[in-house]
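Written out below as structure tokens is the structure these notes cover.
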Amino acid sequence: MARALTQSQHLALKYLESKCPDFVSPTEVGEEVGKQMGKENRHSSFGSPLCRKLVDLGLAVRNEAGHYAAATK
411 MARALTQSQH LALKYLESKC PDFVSPTEVG EEVGKQMGKE NRHSSFGSPL
461 CRKLVDLGLA VRNEAGHYAA ATK
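In the numbering used here, the protein residues as written are 411 to 483.
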């Protein structure tokens with residue numbers, strides 16, 4: 411059974427989907443999600459765990475440069 415995404419994971423997924431098919435850095439994801447949540451100065455240490463969780467769930471993919479994109483269906 412699939413677990414529900416947290417608000418920040420959902421925002422990260424929506425951001426990756428908006429950039430698809432491009433890959434984006436976890437820093438960019440962290441900054442954007444942080445901004446949307448009213449938490450400025452977020453970066454890769456915030457974005458990386460969000461993206462890794464999305465990869466674990468099969469909702470995103472990671473390239474060799476460590477950047478992420480929404481998984482295509």
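Where is the CB? At the ideal position from N, CA and C, for every residue including glycine.
The structure displayed is predicted, hence computed values, not measured ones.
Would you please state the rounded distance, in angstroms, between the beta carbons of residue i and residue j? I believe it to be under 8 angstroms.
| i | j | result |
| --- | --- | --- |
| Met447 | Leu426 | Contact flag wrong, Cβ pair sits at about 16 angstroms. |
| Val434 | Leu460 | With a Cβ gap of about 12 angstroms, Val434 and Leu460 do not count as contacting. |
Report buried or exposed for residue i, applying the criterion of at least 16 other Cβ atoms within 10 angstroms of its Cβ.
| i | result |
| --- | --- |
| Ala480 | buried |
| Gln419 | buried |
For residue i, tell me which candidate among the options has the shortest Cα-Cα distance.
| i | options | result |
| --- | --- | --- |
| Ser454 | Lys429, Lys445, Glu441 | Glu441 |
| Val443 | Asp432, Pro431, Cys430, Lys424 | Lys424 |
| Thr482 | Ser428, Leu415, Gly457 | Ser428 |
| Gln417 | Ala475, Lys445, Cys430, His477 | Lys445 |
| Cys430 | Leu415, Gly476, Val471 | Val471 |
Where in the stretch 419–458 do unbroken runs of the alpha helix (DSSP H), each at least 4 residues long, occur, reported from the N-terminal end onward? 436–446
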